[in-house]
Each structure stands twice: as C-alpha cells, then as structure tokens.
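Notes for the one structure printed next.
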Amino acid sequence: MLTLGDLLVQLVEGMPGRVASSEAQLALETTALDLTLPIESRIAPGGDLQASLPRGLLRTGFDPPLGQVVARFEVASP
Amino acid sequence: MTLGRSSRAYAVQEFLQALTAQLDRAQDALSLKVTGTQRPLTWALKDLAIDLRVFVEVTDDGKVTWRSAGPNEDGASTVHLTLTTITRPMVEENSFRITEDHDARPVEQISQISQLDEDDRRRLEWMGVRTVGQLKKLDPVAVEAIAGIPMMRLQAALEAAANPVVLGQEVVDRGGRTLLAIHGANLVNGSPPEVRLAGAPVEVLEAKPSKLLVRPSAHHTEGQIEVLAGGKRATGFFRLPEREPVTQEVHR
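Sequence order for the protein chains is A and B. Here my numbering is used: the first residue of the first sequence is 1286, the next is one more, and so on. Here my numbering is used: the first residue of the second sequence is 119, the next is one more, and so on.
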C-alpha cells in the first residue's frame, strides 16, 4: 500500500497533458481529469491514510471492505 | 460507535492532519516534476472526496478515533470526507494568527499553577482556546454557561495568567554592544518595569509585554534576572559570554 497522496501522484503522472500530431497539424490538451476509484485503505500509525487499488484477480475472499476516492485534477501553472 | 480505544484506532484530528500533509506533499511532487522537465503546466488537485470504511470509537478521555475495518468485519461505518483547495487569503482569514497573539504560551503552561484540570483544558481546546492570550480574552461567566468550566476556577487561571514570568533570555549583539533580551509574558504592566541582573539594576532599552531588552553592566557575567512589573516579581537566570578585557591607552 502507498500513502493516498503517493497513489494519486502515481495515477495522475502517467496522464499526458498534451498530445500533438504534426501530420494533422492538431494538438489536444487535457484541462481536467476526474478519477473515481474503489480503494482498499487503512489508517496506519501516525494517522497516515494508506491506499491501494483493489486486487482484482488476486482477491482472496479475505480482503478489507472497499472505500472510494473521487478526485478532480485541473491543469495549472506550478 | 464503540467506547474505549483499540490499538489500531487513531484520533480523527491526527488523521486529518496527516491527510492534509500527504496532499500537500503530493502537490509538491507534481510541481517538482514540472520544474524538472521544463513543462509549463502541471496537474493540480482541486477536489477530493474519500469514502472510508471505519469503526468510529470514543476513548475514555472523550477523543473520537477511527479504526479501519478489517476483512469480514461487519457493521463498519462509511465516512465520507470531501476536501477542496482553498486560497491563501481564505486560510489567513480563517486561521488564528499565533504571531499576533500577545501571550502565545500554551494553556498547559499555566494550568500547572492554576486549578485547571485536564477536563477543563480539553473543553477550552474544543472552544478553540489554545494560548494564554486567547484565554485572557474570555468572559468567565460566558465560559461557565457554554463550556461548564466553573467561573471561580477560570478566574483563578486568569489571575495566574496575569503574573509576569521570565521564560528565557538571549544575548543580542547590537553595534558591538552586548545586550540581553529577556523573553517572557506580562513583563510590562502599566508602568515601565524594573530589571535587576545579579542584584544590580540595569537600563531597560526596550519594553514589550513579551520581551525586554536590557544593557548589562561590564561586570555582569551570570546570575539571577529579576523583573518587577506592576508590583509583581518574576525571576530567571542569565549567563553572558565571556568578554575580552578592554585595553585602554594611557597618554602621559
């Protein structure tokens, strides 16, 4: 499990902000990203929220109940 | 909701502070990637909603804690948290500015000399009162009505809070002169304070309730600090660095 903050960074950093084609002379820019994800979560010592995506095929029948994260990211200047 | 604290339960306040710190770090990480790659824009987290499956518990001392639901545990609550970004002006408008507090001592510090017990301190904390400066602004009658802290006990705490106290000292070098800054609370009370170092009166150059700046005499090296403010006395100790002896040229 990662901290929730690290999980969000991992999810969003793979998302391209801009895709361009020189042949078509066209560029597309992403302006916002909405994520709705089921998560396995636990509160770790120190109060840190740790989370991971559900296990899918690796489910054992002995997994914690799922929670959910809904996040909205927008493109901004740092 | 259950009573008592299990070993894997954490205070809500602790959890929320950790969560906001995590989100700050996540935003920093996203910004860092941009500055490292020379891209002009980055992703910024605007809104976040989290559903958590937890057991809500209350400890013996009244703290609310959350414990993550484990596998096959029935009856967990779903806590729905919604967070949004806020701007710096909004933070400043809604935050207590501790730098502007004229007496930033924590309330615990005077509870040792007053009759405020742990229960009283917790009730004050619920009211948002964390410093002695905030405590001094309270009306004891209103606090008794709202928080149930007996008026007499609060008045005694306010009296204790009004006494001058020396909390520390530091040596200040100003234009080659060695001065002593005395930090504390209530060091000025109406008339200018009198300060003695090792029993000898010294000149007070600057006087604020939380800080005095005095000029030690040449013979002062260490000893007792004594501050007399508003007829009350506070004491502490000072130690000055050893000074090189002054050599004087004698012309005949």
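We treat Cβ as the ideally placed atom computed from N, Cα and C, and that holds for glycine.
Buried/exposed call for residue 1344 of chain A, threshold 16 Cβ in 10 Å: With fewer than 16 Cβ atoms within 10 Å of its Cβ, residue 1344 of chain A is classed as exposed.
Unbroken beta strand (DSSP E) run spanning residue 1335 of chain A, endpoints: 1334 to 1337
Test item: CB-CB of residue 1322 of chain A and residue 1354 of chain A under 8 Å: yes
First through last residue of the alpha helix (DSSP H) which encompasses residue 164 of chain B: Taken as a continuous stretch (DSSP letters only), residue 164 of chain B belongs to no alpha helix (DSSP H), being part of the beta strand (DSSP E) at 160 to 176.
Under 8 Å by beta carbon: chain A residues contacting residue 194 of chain B: 1350
Where residue 1290 of chain A meets chain B, residues with beta-carbon distance less than 7 Å: Close to residue 1290 of chain A, with beta-carbon spacing below 7 Å, are these residues of chain B in chain order: 140, 141, 143 and 144.
First through last residue of the alpha helix (DSSP H) which encompasses residue 181 of chain B: From DSSP, residue 181 of chain B is part of no alpha helix (DSSP H); its letter is neither H nor E.
Own chain, CB closer than 7 Å to residue 405 of chain B, minus 5 neighbours either side, in chain order: Past the boundaries of the shown model lies residue 405 of chain B; chain B is included only from 119 to 370, so the question cannot be answered.
Residue ranges of each beta strand (DSSP E) within the region 221 to 287 of chain B, 3 or longer: none
Below-8 Å beta-carbon distance, residue 1310 of chain A vs any chain B residue: no
N- and C-terminal bounds of the alpha helix (DSSP H) containing residue 1310 of chain A: Here residue 1310 of chain A belongs to no alpha helix (DSSP H), and DSSP marks it neither H nor E.
Bridge-paired residues (DSSP) for residue 1324 of chain A: A/1352
Assumed close pair residue 300 of chain B, residue 287 of chain B - CB separation to whole angstroms, cut-off 8 Å: 5 Å
Interface residues of chain A facing residue 164 of chain B [CB-CB closer than 9 Å]: 1317, 1356, 1357, 1358, 1359 and 1361
Chain B contact residues for residue 1294 of chain A, given Cβ-Cβ distances below 8 Å: 144, 147 and 148
Cut-off 6 Å between Cβ atoms - residues of its own chain near residue 350 of chain B, not counting five sequence neighbours on either side: Answer for residue 350 of chain B: 281 and 282, listed in chain order.
Residue interval of the beta strand (DSSP E) (run including residue 360 of chain B): Looking at the DSSP string, residue 360 of chain B is not in any beta strand (DSSP E), and its letter there is neither H nor E.
Beta carbon proximity, residue 304 of chain B to chain A, threshold 8 Å: no
Positions along the region 270 to 298 of chain B whose CB lies within less than 8 Å of some CB in chain A: none
Buried versus exposed, by CB contacts within 10 Å (16 or more), residue 184 of chain B: buried
Euclidean distance between Cα positions of residue 1300 of chain A and residue 1293 of chain A: For residue 1300 of chain A and residue 1293 of chain A, the gap between their C-alpha atoms comes out near 11 Å.
Beta-carbon proximity list for residue 261 of chain B, same chain, < 6 Å, skipping 5 on both sides: Closer than 6 Å at the Cβ level, and outside the excluded window around residue 261 of chain B, lie 267 and 272.
Closer than 8 Å to chain B by CB, residue 1297 of chain A: yes
Residue 1327 of chain A: contacting residues in chain B (beta-carbon distance under 8 Å): Within chain B, the residues placing a beta-carbon under 8 Å from that of residue 1327 of chain A are 186, ordered along the chain.
Backbone CA spacing between residue 274 of chain B and residue 344 of chain B [nearest angstrom]: 24 Å
Neighbourhood of residue 318 of chain B by C-beta, 7 Å cutoff - its chain only, sequence neighbours within 5 removed: 335
Local Cβ density within 10 Å of residue 1327 of chain A, reported as buried at 16 or more and exposed below that: buried
Exposure label - residue 171 of chain B; buried when at least 16 CB within 10 Å: buried
Closest Cα partner of residue 131 of chain B within the set B/232, B/159, B/176 and B/143: B/176
Simplified DSSP state of residue 302 of chain B, which is helix, strand or coil: Note: residue 302 of chain B maps to strand in three-state DSSP.
C-alpha distance - residue 1335 of chain A paired with residue 129 of chain B, whole-angstrom precision: 16 Å
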